[in-house]
Structures are given as structure tokens and as C-alpha cells.
Amino acid sequence: MTLALFLLALGTFFLRFLPWRAERSLKAGQAGPALVVALFLVSAFSPPPSSEWLRAALALLGTFLGARLTGNLGVSVFLGAGLYGLLGFL
Amino acid sequence: MKQGLEAAWPIALGYFPVAVAFGALGAQAGLGYLWIQFTSLLVFAGASQFALVGLMAQGVPPLLAATLGLLLNLRHAFYGPALRPYLKGGPLEAFLLTDEVFALALRALPGLSPEKRRGFFLGLGLGAYLSWNLGTALGALGAKGLLAWPRLGEALSFALPALFLLLALPHLRNPVALLAGGIALAFHMLGQTAWGLFLAGGIGLFGERRRP
Numbered sequence: 088m089t090l091a092l093f094l095l096a097l098g099t100f101f102l103r104f105l106p107w108r109a110e111r112s113l114k115a116g117q118a119g120p121a122l123v124v125a126l127f128l129v130s131a132f133s134p135p136p137s138s139e140w141l142r143a144a145l146a147l148l149g150t151f152l153g154a155r156l157t158g159n160l161g162v163s164v165f166l167g168a169g170l171y172g173l174l175g176f177l
Numbered sequence: 541m542k543q544g545l546e547a548a549w550p551i552a553l554g555y556f557p558v559a560v561a562f563g564a565l566g567a568q569a570g571l572g573y574l575w576i577q578f579t580s581l582l583v584f585a586g587a588s589q590f591a592l593v594g595l596m597a598q599g600v601p602p603l604l605a606a607t608l609g610l611l612l613n614l615r616h617a618f619y620g621p622a623l624r625p626y627l628k629g630g631p632l633e634a635f636l637l638t639d640e641v642f643a644l645a646l647r648a649l650p651g652l653s654p655e656k657r658r659g660f661f662l663g664l665g666l667g668a669y670l671s672w673n674l675g676t677a678l679g680a681l682g683a684k685g686l687l688a689w690p691r692l693g694e695a696l697s698f699a700l701p702a703l704f705l706l707l708a709l710p711h712l713r714n715p716v717a718l719l720a721g722g723i724a725l726a727f728h729m730l731g732q733t734a735w736g737l738f739l740a741g742g743i744g745l746f747g748e749r750r751r752p
């Protein structure tokens with residue numbers, strides 16, 4: 088069991104470290120923006136059947152409006168999360 | 541570093557309830573506190589930690605569980621090269637490089653002077669790491685009830701999608717990013733999230749940078 092933990096820890100570390108430090112590394116191309124958009128979509132929308140999409144969409148709208156109004160990332164995230172929690176009562 | 545720590549709080553907010561859940565799951569599976577905590581201290585990659593503990597609790601051999609956990613983390617190989625134009629990664633930077641730290645760093649680093657970037661990144665990663673490990677400790681030690689207040693755990697977990705939305709906004713007109721995101725979402729809907737994210741990274745890798 089402990090061996091499995093060390094294997095996962097070491098493997099994860101090298102997956103992060105080696106491509107970053109490789110002498111002749113892959114050019115990243117558009118990998119950054121592609122992964123950020125992908126991470127957003129998979130974190131916001133759960134697989135069907137999901138009754139939570141409307142709630143998530145409204146909370147995301149709140150986050151977006153918060154960002155437009157305040158220009159502050161942290162405050163906007165806090166607003167979106169709070170709205171998501173409140174919508175859960177409906 | 542202080543600036544990075546301050547910027548980390550949306551990540552810390554989102555990590556905390558997930559880490560509490562991880563700690564509680566490990567305790568429920570009958571794993572010792574130290575083992576659970578060391579998983580968060582040494583691996584620091586949520587999905588693969590859940591996979592490791594969940595699979596072992598189902599009787600899957602530990603080495604196979606670790607290998608499956610590693611497959612979930614394959615996408616992390618894309619993060620360093622994407623950050624390389626802004627930051628040369630050392631062992632510490634690599635260790636702290638999670639999905640959320642990567643996404644926030646990708647947005648923040650280009651706007652910082654080169655001499656401030658490393659400190660910012662380390663502060664960002666450290667804030668996320670502390671939250672993840674504090675949440676794990678509380679969950680493993682039986683304090684999952686602290687998220688029992690109606691909807692608090694759910695609300696805090698939604699901090700991560702909210703954060704990703706704001707980080708993704710500048711890229712939503714980028715056709716390569718949209719294609720990659722659409723494919724990742726399709727795989728996610730089929731229950732293959734990790735492979736979808738890996739493919740998204742691969743698509744982005746070969747996508748041409750748009751000319752201004």
C-alpha cells in the first residue's frame with residue numbers, strides 16, 4: 088500500500104517535472120488555452136442525468152456579472168459559489 | 541510570494557471541501573490517518589488520490605490502483621511546457637503544479653515582471669497546498685461535519701468551476717480551445733474525463749497560435 092502511494096507520488100511529480108525541464112521539449116502550441124477551456128467545461132457540467140445544469144449556469148452567470156462589475160477574481164468566485172449554494176435551497 | 545498567496549484564495553476555497561471529502565473517504569475505507577495525510581502531502585493531485593483510495597477500498601491491487609491514478613494525471617505533462625515561456629520550472633514548482641494552479645498561473649504570469657514570477661507561482665501553489673492538506677486532515681480526523689451546514693460544502697466546491705470560467709473567458713473565441721473543450725466535455729459526459737482532458741491537451745499542442 089505504501090509502495091503504491093510512493094509510485095503515484097513519484098510518477099505524478101515526474102509527469103509534471105520532466106516535460107517542463109526537458110531540453111528539447113514539445114512546443115506547447117495552444118495547449119494552455121485548450122486545457123483551461125476544457126477544465127472549465129468539465130468542472131462546470133456534470134454528466135447526465137443532471138438536474139444541476141440550470142443551477143450551475145445561473146451561478147456561472149452570477150460569477151461573470153460579478154467579474155464585470157467588480158473586476159476582482161476572488162470576489163467574483165465568492166459571489167458565484169455563494170449563488171450556487173443559495174440556488175440549492177430552491 | 542505574498543502576492544501569489546493572496547491570489548490563491550479562490551483555489552483554497554474550492555479545494556477545502558473536496559479535501560475534507562477525500563480525508564473522510566480515506567477514513568471510511570479504514571485507512572490510517574498518517575497514510576491518508578501522506579497521500580495529500582506527497583501526491584497533491586485530487587482525482588488520482590480519490591482513485592487510489594477508492595480502488596484500494598474495492599480490493600484492487602495497490603500497484604494497479606497507483607497505475608490507474610497515474611493515467612488520470614497524464615494531462616499534467618502539458619502544463620509545464622505551456623508555462624515555460626513565463627517560468628522555468630524547478631522541482632518545487634513542478635510539485636505544486638495542479639490543474640487550478642496551472643490555469644491561474646497561465647493567466648497571471650504574463651502580466652508579472654520576470655523576477656516576480658517565481659515567487660508568485662510558489663505563493664500560489666503553497667496556498668493551494670496548505671488548503672488541500674488542512675482539508676484532508678480535518679476530513680480524516682472526523683471533522684467532515686463542519687461542512688454539514690446546509691449547502692456550504694456544495695457552495696465551496698463550486699468555487700473551482702467559477703474560477704475556471706473566469707480563467708477561460710479570454711480563450712472562448714479561440715477555435716482550437718473551443719474544439720478541445722468540446723471534445724473534453726463529450727468524453728466527460730461519457731464518464732472518461734481524464735482521457736478527455738488529455739486529448740484536449742494534445743489537440744492544443746498541435747493547434748496553431750492565432751496571428752494577431
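These protein sequences, in sequence, are chains A and B. For this note's numbering, add 87 to where a residue sits in the first sequence, where the first one is 1. For this note's numbering, add 540 to where a residue sits in the second sequence, where the first one is 1. By construction, the Cβ of each residue, glycine as well, lies at the ideal position given by its N, Cα and C atoms. Quantities reported herein were computed from a predicted structural model and do not represent experimental measurements.
Using a 10 Å radius around the Cβ and a threshold of 16 neighbouring Cβ atoms, would you call B:F746 buried or exposed? On the second sequence, position 206 is the one that residue 746 of chain B refers to. It is exposed - the Cβ of B:F746 has fewer than 16 other Cβ atoms within 10 Å.
Please confirm whether A:G158 has its beta-carbon closer than 8 Å to some beta-carbon of chain B. The residue given as residue 158 of chain A occupies position 71 in the first sequence. Answer no: the Cβ-Cβ gap between A:G158 and chain B never drops below 8 Å.
Can you list the residues of chain B that A:L177 reaches, using a CB-CB cut of under 7 Å? Translated into positions along the first sequence, residue 177 of chain A becomes position 90. Per Cβ cutoff of 7 Å: no residues; A:L177 is ~11 Å from chain B at best.
What is the C-beta distance between B:L700 and B:G554, in whole angstroms, given that I count them as a contact (C-beta under 8 Å)? Counted from its first residue, the second sequence places residue 700 of chain B at position 160. Counted from its first residue, the second sequence places residue 554 of chain B at position 14. With 8 Å as the limit, B:L700 and B:G554 qualify as a contact, their Cβ atoms being about 4 Å apart.
Is the distance from the Cβ of B:P650 to the Cβ of A:G161 below 8 Å? In the second sequence, residue 650 of chain B corresponds to position 110, counting from 1. In the first sequence, residue 161 of chain A corresponds to position 74, counting from 1. For B:P650 and A:G161, no; Cβs fall outside 8 Å.
Tell me where the alpha helix (DSSP H) around A:M88 begins and ends. Position 1 of the first sequence, counted from the start, is the residue given in the question as residue 88 of chain A. Taken as a continuous stretch (DSSP letters only), A:M88 belongs to no alpha helix (DSSP H), as it is neither H nor E.
Which residues, in order along the region 139-152 of chain A, keep a beta-carbon less than 8 Å from a beta-carbon of chain B? A143, A146, L147, T150, F151
Have a look at B:A643 and B:L623 and give me their C-alpha separation to the nearest angstrom. Translated into positions along the second sequence, residue 643 of chain B becomes position 103. Translated into positions along the second sequence, residue 623 of chain B becomes position 83. So the two alpha carbons sit approximately 10 Å from each other.
With distances taken Cα to Cα, identify the nearest neighbour of B:A677 among B:G544, B:P557, B:A547, B:K542. Taking the second sequence and counting its residues from 1, one reaches residue 677 of chain B at position 137. The residue with the shortest Cα to Cα distance from B:A677 is B:P557.
Output yes if chain B places a C-beta closer than 8 Å to the C-beta of A:R108; else output no. Working through the first sequence from its first residue, we reach residue 108 of chain A at position 21. Yes, contact with chain B.
Residue ranges of each alpha helix (DSSP H) run of no fewer than 4 residues wholly in the region 651-717 of chain B, ordered along the chain? 654-680, 692-697, 699-708
Using a Cβ-Cβ distance under 8 Å, would B:G629 count as near chain A? By one-based count along the second sequence, residue 629 of chain B stands at place 89. Chain A contact via Cβ: present.
Go to B:L581, then tell me how far its alpha helix (DSSP H) extends in each direction, as first and last residue. To locate residue 581 of chain B, count along the second sequence from 1; it is residue 41. It spans 573-582 - the alpha helix (DSSP H) in which B:L581 sits, taken as one unbroken run.
Look up A:L128 in the DSSP assignment and say whether it is helix, strand or coil. Along the first sequence, read from residue 1 onward, the residue named residue 128 of chain A stands at position 41. Three-state DSSP puts A:L128 in a helix.
If you reduce the DSSP assignment to three classes, tell me which class B:M596 lands in. Taking the second sequence and counting its residues from 1, one reaches residue 596 of chain B at position 56. In the structure shown, B:M596 sits in a helix (DSSP, three-state: H, G or I).
On a Cα-Cα basis, can you pick out the residue from B:P654, B:F704, B:L646 that is closest to A:A118? Along the first sequence, read from residue 1 onward, the residue named residue 118 of chain A stands at position 31. Of B:P654, B:F704, B:L646, the residue nearest in Cα terms is B:L646.
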